[in-house]
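**Q** This is the structure I want to talk about, given as structure tokens.
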Amino acid sequence: MTELALAVFASETGTHLLHPPLNRRWYSHLRSFDGHAYEQRLAARGLRFLPRTAPEFPPLLRAIHDPPPGLFVRGAGDTGLLSRAAVAVVGARACSGYGASVGRSLGRELTRGGLLVVSGMARGVDAEAHRGALEAGGPTVVVLGCGIDRDYPAAHAELARRIAATGLLVSEYAPGVEPAPWRFPARNRIVAGLCAATVVVEARERSGALITADLALEEGREVFTVPGEISSALSAGTNALLKLGAAPLTAAADVLNFFGIEEPAPAGRDALLDLLPATADELVRRTGRPAAEIARALVELELAGAAAAHEGIYRVQ
Amino acid sequence: MSDDLQRVTKLPESRDGCPRSVGDVLARAVTHALVGLEPRRVEVEADVYENGLPAFAIVGLPDRACAEARQRVRSGIHAAELRFPKGRVTVNLAPAGLRKEGSGYDLPIALAVLAASQQLPHDELDRHASIGELALDGRLRRVGGVLAVAEGARRMGLERVLCPSESAAEAALAGIEPIPVRHLADAVAYLRGELEPDPIVPPRAHDPPPLPDLADVRGQERARRALEIAAAGGHNLLLAGPPGTGKTMLARRLPGLLPALEPAAALEVTRIYSVAGLLSVEQPLVTVPPFRAPHHSASTAAIVGGGPGIRPGEASLAHRGVLLLDELAEFARPTLEALRQPLEDGVVSIARAAGRAIFPARFQLVATMNLCPCGARGDPAAQCTCSGQRLAAYRDKLSRALLDRFDLVVTMPRPRAVELAAGPSEASAQVAPRVAAARGREGLSRTGDADALLSRAVERLPLSGRGRARVARTARTIAALAEADAVAAEHVAEALAYRSPQELAA
Ligand SMILES: Nc1ncnc2c1ncn2[C@@H]1O[C@H](COP(=O)(O)OP(=O)(O)OP(=O)(O)O)[C@@H](O)[C@H]1O
Ligand SMILES: [Mg+2]
Ligand SMILES: [Zn+2]
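Right, dumping it as structure tokens:
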């Protein structure tokens, strides 16, 4: 129960606390704080609190050097979800079309491969990764940088609703906490902390996604980086990571292999969709199927309105 | 002079019943003019009026090269130590309305003049057709069109054709006995019965030069598959993509997948090459499908045919073979539009005074192009720098109507290194037998499912009526390659993958 009190105290005082500060303000808060009543109010709003001491608290997150006192949780997903093999997919908010499509297809392919995709629901790569995961029919987890009752950015309220239908939104901040820029790096440590691997799709220098990657590296987690154009500012951060020795990611399979998951066999159209965007020949190589078979499957997808080709590249519609 | 020759000199009078004045002798040799590839009988009549003022005239619509026979014939006769007649010599090429082109009339003109001047037996000459150019020293030179002349002669019921010895093997293809002639004197001696003709050396079969092999191409699985289908069904194929992805390389590997020509087709092609003067002396019969790759700067006449000296164009030289238009969008638009007729009808027809010249031109068109003028489109590592206007002009070159002529269109984006690093691919020798086997399987009908899929595709995709027909044709070839009993939905589905994408044309 102290965890909840601490989490609420930190939220109310706008501080970032891992342990009780043992000052008068804290003791005064503790005396007046009614944990049961608070939990009931949370439950009434469809929210939960998962203390750090609870057995279901994700072990990877507990293992970081500054784990939060607990996580506020929203959504229909089971809290056990948070302990599944997870991968963070993060990147620039103002990403390129390329970054968006890579984020989306990674979200899809990694989910299909059986991984939990975790991100921050920010505009750009984060949201695309969540969308990809949803397209693959899997649950996905959002780590918010504001109070658990907020949808931030507001434009993603609908996305949050869809994510909550099967997955979870989590935050270390109690309801009512406003989003603030200084909270995002703290949020990013939770994103990285939940995951054994972090994929950075596109990142400018000194961007939030790079912070996530740094945090992951500090915790000894794997970092994958999608190589970008050397001339683009959106690749400056990712390419710098590559120089530092991050693993280049050229296909979702790179991540799946890291988790010891075999690349999904192309059972049919759905499997192919996961591999898009791609040229027909890339699909031939990835699946090991003959060109004729891939051609047929792609036409089926086109006729179903699920994919379309432009200049030889097939994309999800 | 023998009795025989005395008798012969009277023959013209007895034939046309027209009394002639003393010293006026008529003789006749037979050859053929070509209208397109069609031989038309031409009678070369020589009239020698020994008492007239010295003159040598050729009438009957000769072109310049043909009219210049006067110098060559006169000089050739002297070189053969024969006598060029004194007085007035008139040669008429009948029918007069038909234009006579080229130097192949030299030999029949010389023989007719010699017969008219009683140096040759007329009846022997009557049984022979003749063709060949005379050098000033009396030797015979090869000319184009010997095969067609020989075929015309056979149709007329003639027994033999006198031709330059280098053309004898070609003439023999017509099923008529060629008399190879090295020098005008030989021809005369032979017709006089004084010389046995040289035996014709049967052309020695030599191995054709090796064709480029598919094994050299790395990756590009879809394009390779399309190439195989194109080969199996004789489909027109367009390869589009950024520079250096292997488009030209692949296109040049199509001939190596095609089966040898059937005998009838071989003769058709040989006839065209004969007229164009492109036959090989050693092996005149063209047995492998031709491959022509004209440069985009070539004129419309050079590509489609026609022009002043009526010659088959590249489209006809590619008959029963492959016409490669590399960098399709660089060709002049009128040239591309002019190709639509042969693409549709399989012939080029050229209007001439003497009627239409028809050249067969049933070729398989293979074309390559970039996706935009700067070439960057389709290349993830490059940025297209084309202005909208430039792009529009580029696409405007290729009308929808032209694009609709391609059964198979493959966009070849730049492959990633991994795709190219794939293991060695199939060699032409592995693909060619599948192509040959598929060619034997014809007349497959579509299943109900296949029809339904085709209709669904027409509803859901931008696919014209002609596009639908092309897809159906391609599907039939795919089914044949698959050794299927009928064209099933899966074959239609694959065929649809090679339809022409919207972004290629305006
Ligand atoms: N798939 C490939 N496999 C092997 N070699 C290749 C391949 N693609 C390109 N090359 C190499 O690159 C050279 C250029 O290829 P090619 O001329 O076929 O390109 P292209 O697609 O026609 O380009 P462009 O649009 O510039 O005409 C080839 O001669 C070959 O050496
Ligand atoms: Mg080329
Ligand atoms: Zn361009």
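Quick note, the sequences are listed as chains B and H, same order. Here our numbering is used: the first residue of the first sequence is -7, the next is one more, and so on. Here our numbering is used: the first residue of the second sequence is 2, the next is one more, and so on. Don't be surprised by glycine CBs; every beta carbon is placed ideally from N, CA and C.
#1: Exposed or buried, which one is H:T386 when buried takes at least 16 other CB atoms within 10 Å?
#2: Residues of the segment 265 to 289 of chain B in Cβ contact with chain H at a cutoff of 9 Å, in chain order, please.
#3: Reducing DSSP to helix, strand and coil, say where H:M2 ends up.
#4: Considering only C-alpha positions, which residue in the set B:S93, B:L186, B:V134 is nearest to B:R76?
#5: Considering only C-alpha positions, which residue in the set H:I230, H:D124, H:A58, H:R447 is nearest to H:E160?
#6: Kindly provide the ranges of any alpha helix (DSSP H) runs that are 4 or more residues long and lie completely inside the segment 225 to 306 of chain H, ordered along the chain.
#7: How about H:L126 and H:A30: do their beta carbons lie closer than 7 Å?
#8: Determine, using beta-carbon pairs with one atom in the segment 52 to 70 of chain H and one in the segment 88 to 102 of chain H, whether at least three such pairs fall under 8 Å.
#9: For H:A428, would you say it is in contact with chain B, using Cβ-to-Cβ distances shorter than 7 Å as the test?
#10: Could you check what DSSP says for B:P256 in three-state terms: helix, strand or coil?
#11: Excluding the 5 residues preceding and the 5 following H:A175 in the sequence, name in chain order all residues of the same chain whose CB lies nearer than 7 Å to its CB.
#12: State yes or no: is the C-beta of B:V308 within less than 7 Å of the C-beta of B:V218?
#13: Please state the DSSP three-state secondary structure of H:Q503.
#14: Are the CB atoms of H:E495 and B:R288 nearer to each other than 7 Å?
#15: Name, please, each residue of chain H whose Cβ falls closer than 9 Å to the Cβ of B:I222.
#16: Can you give me the Cβ contacts of H:F332 inside the same chain, cut-off strictly under 7 Å, excluding the 5 residues immediately before and after it?
#17: Could you tell me if H:S446 is buried or exposed, where buried requires 16 or more neighbouring beta carbons within 10 angstroms of its beta carbon?
#18: Would you kindly report the start and end of the unbroken alpha helix (DSSP H) that includes H:V74?
#19: Residues of chain B with a CB under 7 Å from the CB of H:E504: which are they?
#20: Just to confirm before moving on: does the CB-CB distance between B:F49 and B:F64 stay below 7 Å?
#21: Let me check understanding here. Comparing Cα to Cα, which of B:A29, B:P47, B:A152, B:Y144 lies closest to B:G72?
#22: Quick check: the Cα distance between B:G229 and B:A283, rounded to an integer number of angstroms?
#23: Beta carbons nearer than 8 Å to chain H: which residues of the segment 50 to 81 of chain B have them?
#24: Is there a Cβ of chain H sitting closer than 7 Å to that of B:L295, yes or no?
#25: Could you pull the start and end residues of the alpha helix (DSSP H) that B:T5 belongs to?
#26: Taking 6 Å as the limit, name every residue whose beta carbon sits nearer than that to some heavy atom of ligand 2, in sequence order.
#27: Check whether the Cβ of H:N543 lies closer than 6 Å to any heavy atom of ligand 1, and answer yes or no.
#28: Using a Cβ distance threshold of 8 Å, determine whether the segment 430 to 444 of chain H contacts the segment 477 to 496 of chain H, with at least three qualifying pairs required.
#29: Output needed for B:G304: all residues of its chain with C-beta closer than 6 Å, excluding positions within five of it in sequence on either side, in chain order.
#30: Let me make sure I understand the geometry here. Which of H:P213, H:P335, H:A80 has the alpha-carbon closest to that of H:G247?
#31: Once DSSP output is grouped into helix, strand and coil, what is the label at H:S350?
#32: Indicate the three-state DSSP secondary structure (helix, strand or coil) for H:K1 in the structure shown.
#33: I want to check one thing, is the minimum distance from the CB of H:P198 to the heavy atoms of ligand 1 below 6 Å?
#34: So, using beta-carbon positions, are H:H320 and H:V270 closer together than 7 Å?
#35: Just to make sure I have the definition right: I need the residues of chain B whose C-beta is within less than 7 Å of the C-beta of H:E222. Which are they?
#36: In terms of alpha-carbon separation, which member of B:R196, B:A225, B:A238, B:G200 lies closest to B:V314?
**A** So, from the data block:
#1: As a first step, residue 386 of chain H is located in the second sequence; it is residue number 385 there, counting from the start. Around the beta carbon of H:T386, a 10 Å sphere encloses fewer than 16 other beta carbons of the protein chains shown; the residue is thus reported as exposed.
#2: Flagged, chain order: T271, A272, D273, E274, V276, R277, P282, A283, A284, E285, I286, A287, R288, A289.
#3: Working through the second sequence from its first residue, we reach residue 2 of chain H at position 1. Legend: pLDDT at H:M2 = 39, less than 50; position of this residue unreliable, no value from coordinates given.
#4: Position 84 of the first sequence holds residue 76 of chain B. The residue from B:S93, B:L186, B:V134 with its alpha-carbon nearest to that of B:R76 is B:L186.
#5: On the second sequence, position 159 is the one that residue 160 of chain H refers to. Of H:I230, H:D124, H:A58, H:R447, the residue nearest in Cα terms is H:D124.
#6: Qualifying alpha helix (DSSP H) stretches, in chain order: 248 to 252, 264 to 276, 301 to 305.
#7: Taking the second sequence and counting its residues from 1, one reaches residue 126 of chain H at position 125. Taking the second sequence and counting its residues from 1, one reaches residue 30 of chain H at position 29. Note that the C-beta distance between H:L126 and H:A30 is below 7 Å.
#8: Between the segment 52 to 70 of chain H and the segment 88 to 102 of chain H, the count of C-beta pairs closer than 8 Å reaches three or more; the two stretches touch.
#9: Your numbering for residue 428 of chain H matches position 427 in the second sequence. At a cut-off of 7 Å, the C-beta of H:A428 has no neighbouring C-beta in chain B.
#10: The residue you call residue 256 of chain B lines up with position 264 of the first sequence. Note that B:P256 scores 49 on pLDDT, short of 50, meaning its location in the model is unreliable; the coordinates nonetheless yield the value given after this. In the three-state reduction of the DSSP assignment, B:P256 falls in the coil class.
#11: Sequence index remark: in the second sequence, residue 175 of chain H carries index 174 (1-based). Once the five neighbours on either side are set aside, the close Cβ partners of H:A175 are L148, A151, E152, R155.
#12: The sequence position of residue 308 of chain B within the first sequence is 316, counting from 1. The sequence position of residue 218 of chain B within the first sequence is 226, counting from 1. Cβ atoms of B:V308 and B:V218: not closer than 7 Å.
#13: Within the second sequence, residue 503 of chain H is the residue found at index 502, counting from 1. Look at H:Q503 here: in three-state DSSP terms it is helix.
#14: As a first step, residue 495 of chain H must be located in the second sequence, where it is residue number 494. As a first step, residue 288 of chain B must be located in the first sequence, where it is residue number 296. Going by C-beta atoms, H:E495 is nearer than 7 Å to B:R288.
#15: Stepping through the first sequence from its first residue, residue 222 of chain B is reached at position 230. Chain-order list of chain H residues neighbouring B:I222: empty, with the shortest C-beta distance near 10 Å, by a criterion of under 9 Å.
#16: Reading the second sequence from its first residue, position 331 is the one you call residue 332 of chain H. Apart from the 5 residues on each side of it in sequence, H:F332 sits with its Cβ closer than 7 Å to the Cβ of H297, L326 in its chain, given in chain order.
#17: Sequence index remark: in the second sequence, residue 446 of chain H carries index 445 (1-based). Exposed, since its Cβ has fewer than 16 Cβ neighbours within 10 Å.
#18: Residue numbering aside, residue 74 of chain H sits at position 73 when the second sequence is read from its first letter. Where H:V74 is concerned, the enclosing alpha helix (DSSP H) stretches over 70 to 80.
#19: Locating residue 504 of chain H in the second sequence gives position 503, where the first residue counts as 1. The answer, in chain order, is H302, E303.
#20: In the first sequence, the residue the question calls residue 49 of chain B occupies position 57. In the first sequence, the residue the question calls residue 64 of chain B occupies position 72. In this structure, B:F49 keeps its C-beta atom at 7 Å or more from the C-beta atom of B:F64.
#21: Here residue 72 of chain B corresponds to residue number 80 of the first sequence, with the count starting at 1. Answer by Cα proximity: B:P47.
#22: Stepping through the first sequence from its first residue, residue 229 of chain B is reached at position 237. Stepping through the first sequence from its first residue, residue 283 of chain B is reached at position 291. About 37 Å.
#23: Cβ contacts with chain H: none found.
#24: For the purposes of this step, residue 295 of chain B is taken as residue 303 along the first sequence, with counting starting at 1. For B:L295, the answer is yes, since a Cβ of chain H falls inside 7 Å of its Cβ.
#25: Counted from its first residue, the first sequence places residue 5 of chain B at position 13. Element bounds for B:T5: -6 to 5.
#26: Spelled out in chain order, the answer is H:K248, H:T249, H:D327, H:T369.
#27: The structure shown has nothing for residue 543 of chain H, since chain H only spans 2 to 507.
#28: Yes: the two stretches touch, three or more of their Cβ pairs being nearer than 8 Å.
#29: Counted from its first residue, the first sequence places residue 304 of chain B at position 312. Here B:G304 has T271 as same chain residues with Cβ atoms under 6 Å from its own Cβ, once five neighbours each way along the sequence are excluded.
#30: Sequence index remark: in the second sequence, residue 247 of chain H carries index 246 (1-based). When only C-alpha atoms are compared, the closest one is H:P213.
#31: Here residue 350 of chain H refers to the residue found at position 349 of the second sequence. Strand at H:S350.
#32: A query on residue 1 of chain H cannot be resolved here, the shown segment of chain H reaching from 2 to 507 and no further.
#33: Within the second sequence, numbered from 1, the residue matching residue 198 of chain H stands at position 197. Every heavy atom of ligand 1 is 6 Å or more from the Cβ of H:P198, so no.
#34: Within the second sequence, numbered from 1, the residue matching residue 320 of chain H stands at position 319. Within the second sequence, numbered from 1, the residue matching residue 270 of chain H stands at position 269. Judged by beta-carbon spacing, H:V270 lies within the 7 Å limit of H:H320, meaning their Cβ atoms are closer than that value.
#35: In the second sequence, residue 222 of chain H corresponds to position 221, counting from 1. Per Cβ cutoff of 7 Å: D273, V276, A283.
#36: With chain B running from -7 to 309 in the structure shown, residue 314 of chain B is simply not present.
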